[in-house]
Every structure is written in structure tokens, then in C-alpha cells.
Amino acid sequence: MARLAHSLAVLLAVLCAAVPVADAAPPDLRAVRRHVDLRFDRPVTVHRSAGAHVVWLDVETSADAASRALVPLDGAFDVRVIPLAEGRTRIALRHRRARIRVATGTGDDASWLRVGPESYARVLRRAADRARRPLAVRPRLDERADLWTEAEARLAAGDLAEARKRYERLVQERRARDLVHLRLAHVFVASGHIREARARLGGLVRKLPRTPGAALARIWDHYLATITGEAEPNPDRIEVAVIALGESPHRPFVAWQAALVLGEIGAAERGLPLLPDPRDLPEADRDALARDRTALLVQAIADAGFEGRARDVAALVLAYRSLLMDHPDGFELAAWGVEAALGIGDCRSAEGLARAWLARDLPRVDEARMVGLLGWAEASCRRTDKLEAAVTFLVRFHPDTPGLPALIRVLAAAGLRDAGYAGVRDALRRLADSAASKAIEGRLLGLAIDLAIAHDAFDDATGFDARLRRSGYDDDRRKRQRALALAHLGRFADAIPLLRTVVAATTDPELRDALGYLLARCERALGRDADADAILAALSRHGTRWGTIAHLRRRERELQSLLDVAPIPRTLEGATPTQPEEAP
670 MARLAHSLAV LLAVLCAAVP VADAAPPDLR AVRRHVDLRF DRPVTVHRSA
720 GAHVVWLDVE TSADAASRAL VPLDGAFDVR VIPLAEGRTR IALRHRRARI
770 RVATGTGDDA SWLRVGPESY ARVLRRAADR ARRPLAVRPR LDERADLWTE
820 AEARLAAGDL AEARKRYERL VQERRARDLV HLRLAHVFVA SGHIREARAR
870 LGGLVRKLPR TPGAALARIW DHYLATITGE AEPNPDRIEV AVIALGESPH
920 RPFVAWQAAL VLGEIGAAER GLPLLPDPRD LPEADRDALA RDRTALLVQA
970 IADAGFEGRA RDVAALVLAY RSLLMDHPDG FELAAWGVEA ALGIGDCRSA
1020 EGLARAWLAR DLPRVDEARM VGLLGWAEAS CRRTDKLEAA VTFLVRFHPD
1070 TPGLPALIRV LAAAGLRDAG YAGVRDALRR LADSAASKAI EGRLLGLAID
1120 LAIAHDAFDD ATGFDARLRR SGYDDDRRKR QRALALAHLG RFADAIPLLR
1170 TVVAATTDPE LRDALGYLLA RCERALGRDA DADAILAALS RHGTRWGTIA
1220 HLRRRERELQ SLLDVAPIPR TLEGATPTQP EEAP
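Numbering (our numbering), first residue to last: 670 to 1253.
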């Protein structure tokens, strides 16, 4: 009986050793994979980028409100908040250590989002899906090629036991040993036995180091070590694995797999140059290569954009602009490319890219954003006429475009440089005539008033001010400019009530006393000397520069009044009052 129990124990131990146990998530990975809940008061539209490396959120709220809602996010997330027209905001989210996942829901009259890195189980599931994909490197098998094809089909279908049996029947084929051992390791990856898979990959590299299967084994081993947290991502190891293969007919396929793994470990930009030329691959693989190239490109641009590498963003967008035209994320990444080109001073490339996208049928908010970027490109290239055309389009059709007031000010500065004050005045008048909203018309007229006062064109200032009030956009902040213009035009009776109101409401001491001194001058111009003297007396008690000037002016007035009423001094005999009196 004891002997039977011992035999059963030995048999059980052998069976347990022969069947690997699926790996659990390492403790450090379980610790960092936490989620964050975000609450928005308005509806949110979620769009996941290709590869789920970036999530775009379109929120019907302002950029400030969106930024406040993102406060719970910790340092593991990268965020870009992009203001759009019509009071909307676009948010780009990325997790620095993993692909990002988002779950949405509604409740309590709000939109709720749960964002965080994908789970370890999902990471393993994606590795399993990649392992089940048909191997691009095809072995040279003659009469047993059908067995390889059947094994590949079984693995792709998820029938791992049958696939393993067929691969093991091919182990003795000398010309395919490396690829057969690689696929056996892939079977264990597909079943979640990562340690067993890595052990088999290491054995393949040691036994057959100069084969295509060994090169792929090096790539897969580093990929598995990275996703399990046993090694830090090292793109150099992936590139060395491709270089070590040397010249081989299988090199394009190995380089393709290396590029995909570089994308998985966060080095998509280094993976793009490794992708082979489609002409080096069979016709059946070219569509898959095109999809992988686009996905790597999107990830590379997003990574460079979040990391602030403007030169890399511009170079990637301009080099692969044709691939982005029909991609779901193409517009947003192209907009990043235009901004990056402007940031490095390449205004011509920015203009060309913006015009290429504007030739397409874009949604309203995207059209407004791209026209605004085109305007900045024209401003950088010093093309004032084209800049005015872009601003006119926005003023007429998208007056709430974020950044439009700043673009108008840039147009005014460019107009002053090229055409002088008269040219800017006429341009602002044309823009105000075509404005689609009272708000943007008020901004245009206010800028025209400021420029008119700055150039001593007080007639123009009063004209723009009258139009501003007729339009119903009478801003209290414009009373100061209106009073200043009226005072310089000599309309003192109209300027005095405004000046009194502005002086009473002004909190800046220097500005308050400057306006008070102007009020005193207006009062004296109308013959109200008593009121003027009272204002100067009040100012002279202040410690500002204009208080000192008022004090000196009062002393001057007192001295002048003393000279006007003083008696003629007694003179010597024969002297006249206009002659100096000689000393006795």
C-alpha cells in the first residue's frame, strides 16, 4: 500500500512538471495598474486611437472646465487640452507605462469616465493574439509543407493542443528546426505560460544562434521580459537582433516583427525605419504591413507630441502625410504637425499641410482649428494679405474660434508694419463689417479705438466708439478711451462726466491721478478754475508722480496769482518800474 502511494505521488509530480502553470501578474505590475474616475458635467465623446495608445475625448465645455475635471489624474498620465470652436474642448490622454483603457457611464446628471492602464490579463491576451498570428517567415518544407500549414491554422484558431502535436512532428526537419521551436514557444505564449515560453526561446538562441528563428526568439524573449516586468524596455537589443541575422532572405520578415515589438515597448519611432519595403514581401502580406506601418506611425507621432519633441513630430507628419489622410486620427495628428512646424519656424511646411487638409470636407470645429493654424502660418511667413483672408473667414464663419483675438492682434501688428495706421484702420473696419457676432465685433472695434488713440487719431477713436455703442456692445472699460479722445478733441463738456466716473472707479493710484489731472485741465479749459484748483489740491496730497506734478502746478498758480495782484515797488527818483533798482 505504501509502495502504491509512493508510485502515485511520483506520477503526479511528473504530470505536474510536464504541464506548466499559467503565470500570474508580478506584484509590482499589480500595484501600478490602478484606475482614476473623472467627472464631466457635459456629454463626452470617446475615440480610441489605433493601438489604444492614445484616447481622445471631445467634451462640450471650456478648456478651463475640462482642465479642472482632469485634476484627479496622477503623474502616470500625459494630458493635452486643446480648445476648439463652439465652446468645445478636445483632450488627449496617454499612460506612460502601458496602453490606456477607458470605460464610460452616466449618472447624477454627469458623464463618468474610468481611465487607467490595461490589465495584466489583457497584456497577456494581446501577446497571445500576436503569437497566434501566422508566421511571416515560412520554412522550406517539401513533402511536409501541408503539415506546417495545418499546424499554423490550428494555432491561429486557438486549438493549441493539436497545433503542438503537429509542430512536434516537424522538430526533426533540419531546415525548419529553428522556426518549429519558435512556434512551439508561441504555443506556450498563447496559453499564458510565459516562463516556459521564455525557457524554450532561450534554448533556441543557444542551440541555433545564427538562424532567423533565433533572431525572432531574441526579439520575443525581450518582449515577454518587458511585459512581465522582468526587464526594462531596451530598443537596442531588438535592433541588435536584426543586425545579428546578417544578410538573409528572411531579414524583411524579422525586421517587420522587430518593428512591431519596438512599438509594443514604447519605441515606435525607432521601429518605423525597420519596416521592410512592400516589394520585398509577398502580395498576401502587403496589406498587413500597411496597417502595421500606419499604427506605428500614429503611435510615434503621439509619443513625440506628448514628449514635446516638435522637430520629430513635424518630420514624421510631413514624411508620412499621405498615410494620415484617411486615418481616423489623421486630422488631429496633422494639426499637431502644423503646430510643431510652426514651433520650429518652418512656416512653409505648416502652410502646405494646413491647405492640404482644408481641401477636404472637415467638420466645423476641425475646419475652424485648421484655418486658425493656417493664419498663424501666414503670419510667420509675413504674408499679410493671406493672413487677413484667414482672419476674415474666421470672423465671418467661426467667430468663437479659440485664439482668434490673438490672431487679430497679430494682423494689426503686421498691418502697421506693412501699410501703416491707415491700412490697419481700414482692415479693422472691414473685419467689423463682416463679423458674425457682437462679441468679435466689439473686440475689433475696441482694438481700433486703442490703435487710434495710440496714433493720436482721436476723430477715428470717437467714430469707432460711437459705432461700438450703437452695436449694443458698450463696455464700461472703454469709457477711459472715450474720455481721453473727447478731451484731446476739445469736447471738454462731454469728457468731464466720463472722466469723473472713470476716476471714481479706478483703483490704480498712478492711473487715477493721471486721469484726475486731465479732469482738472478740462475744468480749467471751461473756466471753472475753482473746481480745477480743488482737484489739484486733492491730487497734491497723493504720493504719486501726478500728485507731485499737481503740487508744482498749484505752486505755480499761487505764484502767478501773487504776481498779478502785488503793488508796484517804490523806486529811486527818476527810475521806472521796468528798470532795476540800484542799491543805495
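Cβ coordinates follow ideal geometry from the N, Cα and C atoms, glycine included. These numbers were taken from a predicted model, which means no experiment stands behind them.
A residue is called buried once 16 or more other Cβ atoms fall within 10 Å of its Cβ, and Glu1020 is buried on that count. Counting C-beta pairs closer than 8 Å gives fewer than three between the segment 810-827 and the segment 777-795, which falls short of the contact rule. Uninterrupted beta strand (DSSP E) stretches at least 3 residues long and entirely within the segment 815-897 do not occur. For Val750, the enclosing beta strand (DSSP E) covers residues Phe746 to Pro752. Ranked by Cα distance from Arg1160, the first of Glu1192, Thr1175 and Ser1049 is Glu1192. Inclusion of Ala1037 and Ala754 in the CB contact set at 8 Å is warranted, their separation being smaller than that value. For Ser1018, DSSP assigns no beta-bridge partner whatsoever. In this model, Leu985 and Thr714 are separated by some 27 Å (Cα to Cα). CA-to-CA, the gap between Ala1101 and Lys1055 works out to about 18 Å. Rounded to the nearest angstrom, the Cβ distance from Leu885 to Val856 is 15 Å, too far for a contact under 8 Å.
One thing to note: Val1034 has its Cβ no nearer than 8 Å to the Cβ of His996.
Gly1006 sits close to Leu1022, with the two beta carbons spaced by under 8 Å.
Under the DSSP definition of a beta bridge, Leu762 partners with Val724 and Val748. Between the beta-carbon of Thr730 and that of Thr758 there is about 6 Å, and that keeps the pair under the 8 Å contact cut.
The C-alpha of Tyr989 is placed about 29 Å away from the C-alpha of Ala1058. Given a length threshold of 3 residues, the segment 987-1072 has no whole run of the beta strand (DSSP E) inside it. DSSP places Val715 in the uninterrupted beta strand (DSSP E) bounded by Val713 to Arg717. The residue from Ala1121, His891, Leu1188 and Thr773 with its alpha-carbon nearest to that of Gly1089 is Ala1121. Within its own chain, the residues whose Cβ lies closer than 6 Å to the Cβ of Arg939, once the five positions on either side in sequence are excluded, are Pro904 and Leu931, listed in chain order. If you look at Thr730, you'll find it isn't in any alpha helix (DSSP H); DSSP assigns it neither H nor E. Between the beta-carbon of Val911 and that of Val923 there is about 6 Å, and that keeps the pair under the 8 Å contact cut. Annotation: the continuous beta strand (DSSP E) that includes Pro786 extends over Ala779 to Pro786. For Arg765 and Leu810, the gap between their C-alpha atoms comes out near 44 Å. Going by DSSP, Gly940 is part of the alpha helix (DSSP H) stretching over Ala937 to Gly940.
In the structure shown, the three-state DSSP call for Thr1170 is helix.
Ranked by Cα distance from Gly915, the options Pro881, Asp972 and Leu1080 are led by Pro881.
For the pair Ala738 and Arg763, the CB atoms are not nearer than the 8 Å cut-off. Counting C-beta atoms within 10 angstroms of its own C-beta, Pro951 has fewer than 16 neighbours from the protein chains shown and is therefore classed as exposed. Approximately 18 Å separates the beta-carbon atoms of Ala1010 and Ala1028; this is outside 8 Å, ruling out the contact. The three-state reading of DSSP puts Leu1195 in coil, since its state is none of H, G, I, E or B. Taking every protein chain shown into account, the CB of His850 has 16 or more other CB atoms within 10 angstroms, so this residue is buried. Distance from the CA of Val705 to the CA of Asp981, rounded to the nearest whole angstrom, comes to 31 Å.
Burial check for Gly872: the Cβ neighbour count within 10 Å stays below 16, so the residue is exposed.
Put simply, the segment 1206-1214 touches the segment 1171-1186. At least three CB pairs are less than 8 Å apart.
Residue pairing by DSSP puts Ala772 in a beta bridge opposite Arg783. The beta carbon of Arg1222 sits closer than 7 Å to those of Leu1205, all from its chain and outside the five residues before and after it, given in chain order.
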